[in-house]
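Undergrad:
Protein chains in written order, with the numbering used here: chain A, 19 to 340; chain D, 400 to 671.
Right, here's the structure in full:
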């Protein structure tokens with residue numbers, strides 16, 4: 019087995035909000051190897067974007083450590099951190115705002131090359147063309163401004179920029195949510211091609227469990243700053259072990275009316291991240307909640323070698339009963 | 400915009416160029432101030448004195464053309480000084496949370512001093528003159544510009560392209576100067592034209608109070624200030640410098656707008 023590219027160890031991130039504290043991420047651990055695609059799913063406000071920003075050192079965890087190829091990111095500052103950023107890149111949700119509107123595509127793509135001192139001044143134009151080619155864009159795009167591009171093209175440019183420093187880890191935060199349905203597949207296919215062709219790992223953050231089915235090798239389901247279930251994609255999708263995962267799957271629209279589900283969808287909202295509940299955060303929305311659920315926060319426990327679930331009743335309730 | 404030059408750009412550019420030329424050449428050719436000749440005082444505009452004369456018999460045509468120099472110096476000087484210092488403070492306050500409080504409280508303090516009072520105090524310390532006027536008008540404008548820049552920076556720094564720039568290893572100075580500042584430029588352009596125009600007007604007020612520039616050396620402001628008392632009998636003393644002032648301010652505003660549109664790739668039709 020190869021060593022993991024990314025290891026996150028008990029990441030906690032709290033934001034001060036006046037006198038109170040927002041508990042955005044409450045102890046998330048994960049690790050990722052080359053070629054793996056970890057999907058992080060959960061509804062708005064569950065802390066998945068904050069987690070993503072921490073993984074690429076755009077934010078610092080309140081507690082916990084992120085290790086990239088074994089090196090602790092929190093130990094890096096200043097120029098050393100800037101240089102190390104070549105190894106881990108982020109792809110943002112809205113490609114319309116993730117490119118500087120006053121820069122041409124070429125300028126945006128040269129920025130990482132200059133910062134990471136890749137290539138000589140002269141062959142950077144060539145490298146920009148190569149990057150564009152890798153994401154399926156013609157070289158002429160280097161001269162264009164972002165507003166002259168479609169959403170899908172902009173997202174390709176953003177992906178090209180992320181690839182410029184030859185990263186080992188990509189974190190894509192809802193990379194297709196802002197795109198038309200017709201171009202989503204192109205961008206997702208581009209990302210999976212990149213994973214297939216290099217020793218790259220991808221963290222794919224999404225609120226839509228349906229989108230990640232195609233690309234991910236593993237799925238982590240987050241709820242109120244914690245991972246409630248993590249496991250191989252097929253297992254999580256076809257045999258969820260946490261009632262929240264079940265709820266997310268039931269929320270995916272089914273195209274065939276004959277197959278329409280009769281199950282009741284999830285209702286209510288997650289509790290406030292300011293006052294965390296004492297017990298399981300999902301208890302108020304859970305159809306299987308018992309008194310013991312309110313007593314303490316369930317730990318993420320392994321139910322099989324590759325899968326872990328944070329539910330005290332995971333042994334007694336089977337997937338079919340969920 | 401690439402297709403050619405729009406009307407506001409041509410008009411604004413021409414007027415500004417003509418005014419600058421006037422500011423440069425008129426005092427050399429015509430002299431700063433026409434002689435005081437009491438026998439020809441308060442002549443109406445006509446063939447001999449195109450713009451008429453004032454109460455001391457000075458030719459308003461000469462004084463208006465030559466007055467362009469001081470007005471332009473004040474306008475551009477104040478706009479430049481304000482923008483330079485205000486933008487620097489605004490950028491730092493907007494981007495660095497730690498500096499924000501200190502800088503903005505300092506700006507509030509500066510803002511609390513009435514501009515005219517500051518001008519009088521400065522005139523007493525530095526002696527009245529053109530540079531005193533520039534500093535006195537610029538000082539109260541700096542906080543306003545700093546606030547504007549700060550608010551624009553607060554918005555821009557949250558944009559994903561700034562996070563992306565951090566992510567691709569850009570240093571903080573590079574992010575401030577190459578990502579944030581260019582995107583704040585449209586707002587700055589408008590502010591610059593506004594400051595420039597209002598500075599020329601404020602100079603008139605200061606001249607009127609006697610802490611501006613000396614009437615020996617005309618500016619549009621002090622010529623108008625001098626003519627105020629005789630407005631009912633000799634309106635041309637105010638009228639002609641007033642027209643020059645209005646057209647110049649209009650030209651600056653039009654030119655500023657045209658520049659902003661040209662510099663903004665999202666507003667221009669094609670590549671800027």
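For glycine and all other residues, C-beta sits at the position ideal for the given N, C-alpha and C. Every value quoted in this text rests on a predicted model; they were computed, and no experiment measured them.
With H, G and I counted as helix, E and B as strand and the rest as coil, what does DSSP make of residue 558 of chain D?
TA: The residue given as residue 558 of chain D occupies position 159 in the second chain. Coil.
Undergrad: Mind checking the stretch 564-590 of chain D against chain A and listing, in chain order, the residues whose C-beta falls within less than 9 Å of any C-beta there?
TA: Per Cβ criterion, the list reads 564, 565, 566, 567, 568, 569, 570, 573, 577, 578, 581, 582 and 584.
Undergrad: Residues of chain A with a CB under 8 Å from the CB of residue 506 of chain D: which are they?
TA: Counted from its first residue, the second chain places residue 506 of chain D at position 107. Residues of chain A passing the Cβ test: none, with the nearest at roughly 25 Å.
Undergrad: For the ligand ZN, is there a heavy atom less than 6 Å away from the beta-carbon of residue 476 of chain D?
TA: Only the bare structure without any ligand can be found here, which leaves the ligand ZN out of the picture.
Undergrad: Please identify the residue among A/283, A/251 and A/253 whose C-alpha is closest to the C-alpha of residue 266 of chain A.
TA: The residue you call residue 266 of chain A lines up with position 248 of the first chain. Considering only alpha carbons, the answer is A/283.
Undergrad: Grab the span of the alpha helix (DSSP H) containing residue 597 of chain D for me, first residue to last.
TA: Here residue 597 of chain D refers to the residue found at position 198 of the second chain. Its alpha helix (DSSP H) spans residues 580-608.
Undergrad: Find the residues of chain D that neighbour residue 195 of chain A, judging by a C-beta separation of less than 7 Å, and give them in chain order.
TA: Here residue 195 of chain A is taken as the residue at index 177 of the first chain, counted from 1. Ordered by position in chain D, no residue passes the 7 Å Cβ test against residue 195 of chain A, which lies about 13 Å from the chain.
Undergrad: Anyone know if the C-beta pair for residue 560 of chain D and residue 118 of chain A falls short of 7 Å?
TA: On the second chain, position 161 is the one that residue 560 of chain D refers to. On the first chain, position 100 is the one that residue 118 of chain A refers to. The answer is yes: Cβ separation under 7 Å.
Undergrad: Which residue's Cα is closest to the Cα of residue 688 of chain D: D/604, D/435 and D/442?
TA: Because chain D spans 400 through 671 in this model, residue 688 of chain D falls outside it and cannot be assessed.
Undergrad: What residue ranges within the stretch 201-255 of chain A form continuous beta strand (DSSP E) runs of no fewer than 3 residues, ordered along the chain?
TA: Listed in chain order, the complete beta strand (DSSP E) runs (minimum 3 residues) inside the stretch 201-255 of chain A are 219-224, 236-241 and 244-250.
Undergrad: How big is the Cα-Cα spacing for residue 316 of chain A and residue 230 of chain A?
TA: Working through the first chain from its first residue, we reach residue 316 of chain A at position 298. Working through the first chain from its first residue, we reach residue 230 of chain A at position 212. Roughly 26 Å separates the two Cα atoms.
Undergrad: Looking at the secondary structure, which residues open and close the alpha helix (DSSP H) in which residue 25 of chain A lies?
TA: In the first chain, residue 25 of chain A corresponds to position 7, counting from 1. First-last for residue 25 of chain A: 24-35, but that is the beta strand (DSSP E), not the alpha helix (DSSP H).
Undergrad: On the CB-based measure, 16 or more other CB atoms within 10 Å of its CB, does residue 271 of chain A come out buried or exposed?
TA: Within the first chain, numbered from 1, the residue matching residue 271 of chain A stands at position 253. Residue 271 of chain A is exposed by the Cβ-count criterion.
Undergrad: Are the C-beta of residue 657 of chain D and some C-beta of chain A separated by less than 7 Å?
TA: Counting from one through the second chain, the residue named residue 657 of chain D turns up at place 258. Chain A, which has no Cβ nearer than 7 Å to the Cβ of residue 657 of chain D, makes this no.
Undergrad: Examine the Cβ distances between the stretch 280-300 of chain A and the stretch 235-250 of chain A and report whether three or more of them are shorter than 8 Å.
TA: Yes: the two stretches touch, three or more of their Cβ pairs being nearer than 8 Å.
Undergrad: Quick check on the burial criterion: 16 or more other C-beta atoms within 10 angstroms. Buried or exposed for residue 670 of chain D?
TA: Numbered from 1 along the second chain, position 271 holds the residue referred to as residue 670 of chain D. At residue 670 of chain D, the pLDDT of 40 sits below 50, so the modelled position is not reliable; the number obtained from the coordinates is stated separately. Exposed is the call here.
Undergrad: Considering only DSSP beta bridges, list what residue 107 of chain A is partnered with.
TA: Within the first chain, numbered from 1, the residue matching residue 107 of chain A stands at position 89. Partner(s): A/188.
Undergrad: Tell me whether residue 305 of chain A is buried or exposed, calling it buried when 16 or more other Cβ atoms sit within 10 Å of its Cβ.
TA: For the purposes of this step, residue 305 of chain A is taken as the residue at position 287 of the first chain. Classification for residue 305 of chain A: exposed.
Undergrad: Does DSSP classify residue 153 of chain A as helix, strand or coil?
TA: Here the question's residue 153 of chain A lines up with position 135 in the first chain. Coil at residue 153 of chain A, not helix or strand.
Undergrad: Please list the terminal residues of the continuous alpha helix (DSSP H) segment that includes residue 508 of chain D.
TA: For this step, residue 508 of chain D is matched to residue 109 along the second chain. From DSSP, the alpha helix (DSSP H) with residue 508 of chain D extends over 496-511.
Undergrad: Beta-carbon separation of residue 552 of chain D and residue 493 of chain D under 7 Å?
TA: Your numbering for residue 552 of chain D matches position 153 in the second chain. Your numbering for residue 493 of chain D matches position 94 in the second chain. Yes. Within cutoff.
Undergrad: Would you mind telling me which residues of chain D sit closer than 9 Å to residue 116 of chain A, beta carbon to beta carbon, in chain order?
TA: To locate residue 116 of chain A, count along the first chain from 1; it is residue 98. What residue 116 of chain A touches in chain D: 558, 559, 560, 562 and 563.
Undergrad: Who are the near neighbours of residue 176 of chain A in its chain, counting only those whose CB is closer than 6 Å to its CB and skipping five residues on each side?
TA: Counted from its first residue, the first chain places residue 176 of chain A at position 158. These residues qualify, in order along the chain: 109, 113 and 116.
Undergrad: For residue 146 of chain A, go through chain D and note every residue whose CB falls closer than 7 Å to its CB, in chain order.
TA: In the first chain, residue 146 of chain A corresponds to position 128, counting from 1. What residue 146 of chain A touches in chain D: nothing, since even the nearest Cβ is about 13 Å away.
Undergrad: What is the DSSP secondary structure of residue 42 of chain A, reduced to helix, strand or coil?
TA: Within the first chain, numbered from 1, the residue matching residue 42 of chain A stands at position 24. Correct three-state label for residue 42 of chain A: strand.
Undergrad: Using DSSP with H/G/I as helix, E/B as strand and the rest coil, what is residue 401 of chain D?
TA: Here the question's residue 401 of chain D lines up with position 2 in the second chain. Only weak support exists for where residue 401 of chain D lies, its pLDDT of 47 falling under 50; the value from the coordinates is given anyway. Coil at residue 401 of chain D, not helix or strand.
Undergrad: Could you check the C-alpha separation between residue 401 of chain D and residue 87 of chain A for me, to the nearest Å?
TA: Indexing the second chain from 1 puts residue 401 of chain D at position 2. Indexing the first chain from 1 puts residue 87 of chain A at position 69. Caution is warranted here: a pLDDT of 47 is assigned to residue 401 of chain D, below 50, making its placement in the model unreliable, and the coordinate value is therefore given only provisionally. C-alpha separation (whole angstroms): 49 Å.
Undergrad: Would you list, in chain order, the members of the stretch 100-125 of chain A that have their beta-carbon closer than 7 Å to a beta-carbon of chain D?
TA: The residues in question are 100, 101, 103, 104, 107, 108, 110, 112, 115, 116, 117, 118, 119 and 120.
Undergrad: Is there a C-beta anywhere in chain D that falls below 7 Å from the one on residue 222 of chain A?
TA: For this step, residue 222 of chain A is matched to residue 204 along the first chain. It does not: the Cβ of residue 222 of chain A has no partner Cβ on chain D nearer than 7 Å.
Undergrad: Residue 48 of chain A to residue 60 of chain A, Cα distance in whole Å?
TA: Working through the first chain from its first residue, we reach residue 48 of chain A at position 30. Working through the first chain from its first residue, we reach residue 60 of chain A at position 42. Roughly 16 Å between the two C-alpha positions.
Undergrad: Let me know the secondary structure DSSP gives residue 160 of chain A once reduced to three states.
TA: Position 142 of the first chain, counted from the start, is the residue given in the question as residue 160 of chain A. If DSSP states are grouped into helix, strand and coil, residue 160 of chain A belongs with the helices.
Undergrad: Please list the terminal residues of the continuous beta strand (DSSP E) segment that includes residue 178 of chain A.
TA: Sequence index remark: in the first chain, residue 178 of chain A carries index 160 (1-based). Looking at the DSSP string, residue 178 of chain A is not in any beta strand (DSSP E); the run it does join, the alpha helix (DSSP H), is 169-181.
Undergrad: Consult DSSP for residue 427 of chain D and reduce its assignment to one of helix, strand or coil.
TA: Here residue 427 of chain D corresponds to residue number 28 of the second chain, with the count starting at 1. Helix, per DSSP.
Undergrad: Taking C-beta pairs closer than 8 Å, name the residues in chain D that residue 130 of chain A reaches, listed in chain order.
TA: Taking the first residue of the first chain as position 1, residue 130 of chain A is located at position 112. Within chain D, the residues near residue 130 of chain A are 567 and 568.
Undergrad: I'd like to know if residue 23 of chain A contacts chain D, where contact means its C-beta is closer than 7 Å to some C-beta of that chain.
TA: Within the first chain, the letter at position 5 stands for residue 23 of chain A. No, residue 23 of chain A lies away from the interface with chain D (no Cβ there is under 7 Å from its Cβ).
Undergrad: For the stretch 60-88 of chain A, which residues have a beta carbon sitting closer than 7 Å to at least one beta carbon of chain D?
TA: Hits within the stretch, in order: 74 and 76.
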